[in-house]
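In the numbering used here, the protein residues as written are 2 to 114.
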């Protein structure tokens with residue numbers, strides 16, 4: 002057997018060992034996932050990013066799923082928004098265009114975009 006064949010054989014054996022380790026790890030992960038409880042509801046997450054430094058500064062979670070109301074969003078924002086906030090850019094979603102949200106912006110003298 003020449004040198005190239007030996008190198009190729011070593012490479013193949015090494016790859017097979019790596020694949021075998023990966024398969025074992027994958028099976029372990031599957032077993033762990035199968036033991037987790039099944040979740041049938043979803044959690045709404047409001048992602049807020051500071052446009053100046055591009056950092057996420059809060060993630061309020063709403064565990065009521067699709068029943069999140071604009072009032073709940075406003076209540077969470079009142080606790081989390083910095084006091085010196087001047088501009089608020091939103092995706093204009095239904096929760097962010099409700100009257101209660103507009104009242105928050107007028108109360109805090111925010112410019113909405």
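Yeah, the Cβ is synthetic: ideal placement off N, Cα and C, and Gly gets one too.
Alpha carbon of residue i to alpha carbon of residue j, nearest angstrom
i	j	result
residue 1	residue 37	Residue 1 lies beyond the residue range present for the chain, which begins at 2 and ends at 114; the question has no answer from this structure.
residue 48	residue 82	12 Å
residue 42	residue 63	11 Å
residue 104	residue 97	11 Å
residue 28	residue 54	41 Å
residue 33	residue 85	46 Å
residue 39	residue 5	52 Å
residue 52	residue 76	22 Å
residue 15	residue 26	17 Å
residue 19	residue 56	38 Å
Nearest-angstrom beta carbon gap, residue j and residue i [assumed within contact, 8 Å]
i	j	result
residue 99	residue 69	At roughly 11 Å, the Cβ-Cβ gap does not stay under 8 Å, so residue 99 and residue 69 are not in contact.
residue 71	residue 101	5 Å
residue 106	residue 89	7 Å
Beta-ladder partner(s) of residue i, from DSSP
i	result
residue 45	63
residue 115	Absent from the model: residue 115. The displayed extent of the chain is 2 to 114, so no value can be given.
Coarse secondary structure for residue i, derived from DSSP in three states
i	result
residue 37	coil
residue 56	strand
residue 78	helix
Proximity winner among the options, relative to residue i (alpha-carbon distances)
i	options	result
residue 79	90, 91, 93, 61	61
residue 108	3, 87, 93	87
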